[in-house]
Amino acid sequence: MWPTDIPEPCPYRKARRIRQSGHLPFLDHLLQEMGDRFDTSSKQVLIGFKLIPKKTQADNMPSDFSTKLKKDHSLPDPNTLHHELRLWQSLWESVEPDDLPSTLEATLSHPRMQKLIYPNIYHILTVLLMAPLIMEWW
800 MWPTDIPEPC PYRKARRIRQ SGHLPFLDHL LQEMGDRFDT SSKQVLIGFK
850 LIPKKTQADN MPSDFSTKLK KDHSLPDPNT LHHELRLWQS LWESVEPDDL
900 PSTLEATLSH PRMQKLIYPN IYHILTVLLM APLIMEWW
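Read in order, the letters of the sequence shown are residues 800 to 937 in this note's numbering.
This is the structure we're talking about:
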């Protein structure tokens with residue numbers, strides 16, 4: 800058999816060719832769209848939900864959380880955020896797990912949530928509470 804006498808492509812080659820020509824570009828497009836939809840700022844917003852006391856007990860706050868939010872100039876006092884987060888965690892450690900607020904609304908309306916003591920956390924939780932309305936509007 801001479802090199803120019805190429806037989807018909809095997810079935811597995813045809814399947815491979817279809818996968819390369821159709822599936823891989825589709826997957827690239829899908830990954831690109833997911834990356835555009837859920838960019839890094841969206842992921843950082845989700846970290847803010849760890850301020851809910853029930854989730855604060857289950858997970859420790861990420862160490863870079865206060866560093867990332869310190870750059871946010873919309874916070875009332877970004878320089879005290881790190882200390883405020885530590886105080887926030889210690890505040891909820893003495894509460895029974897069943898009594899911890901598990902939603903944004905419950906956290907903001909809880910008697911221990913004091914706007915003057917936790918201005919940054921109050922601001923973050925208020926923005927997160929409005930996030931579904933903002934997303935729906937866009």
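We put the CB at the ideal spot given by N, CA and C, even for glycine.
Own chain residues within Cβ distance below 7 Å of residue i, not counting five before or after
| i | result |
| --- | --- |
| Gly-834 | none |
| Gly-847 | Ile-923 and Leu-927 |
| Trp-891 | Pro-852, Thr-855, Gln-856 and Leu-899 |
| Glu-935 | Confidence at Glu-935 is low in this model, with a pLDDT of 47, below 50, so the placement of that residue is unreliable and no value is reported for it. |
For residue j and residue i, the rounded distance between their alpha carbons
| i | j | result |
| --- | --- | --- |
| His-909 | Pro-900 | 7 Å |
| Thr-855 | Met-912 | 14 Å |
| Phe-825 | Leu-845 | 28 Å |
| Ile-851 | His-828 | 35 Å |
| Asp-898 | His-872 | 33 Å |
| Arg-885 | Ala-930 | 25 Å |
| Ser-906 | Leu-823 | Here residue 906 turns out to be Thr, not Ser, going by the sequence shown. Cα-Cα distance, rounded: 45 Å. |
| Ser-893 | Thr-879 | 23 Å |
| Leu-830 | Glu-895 | 43 Å |
| Glu-832 | Thr-925 | 29 Å |
Close Cβ partners of residue i (< 6 Å) along its chain, the five nearest in sequence each way excluded
| i | result |
| --- | --- |
| Leu-928 | Leu-903 |
| Tyr-938 | Limits of the chain in this structure are 800 at one end and 937 at the other, which puts residue 938 out of reach. |
Residue from the options whose Cα sits closest to the Cα of residue i
| i | options | result |
| --- | --- | --- |
| Lys-853 | Pro-918, Ile-916 and Trp-887 | Trp-887 |
Cβ shell of residue i (< 8 Å), same chain only, five flanking positions each side left out
| i | result |
| --- | --- |
| Asn-919 | Leu-868, Leu-874, Pro-875, Asp-876, Pro-877, Thr-879, Leu-880 and Glu-883 |
| Tyr-917 | Glu-883, Leu-886 and Trp-887 |
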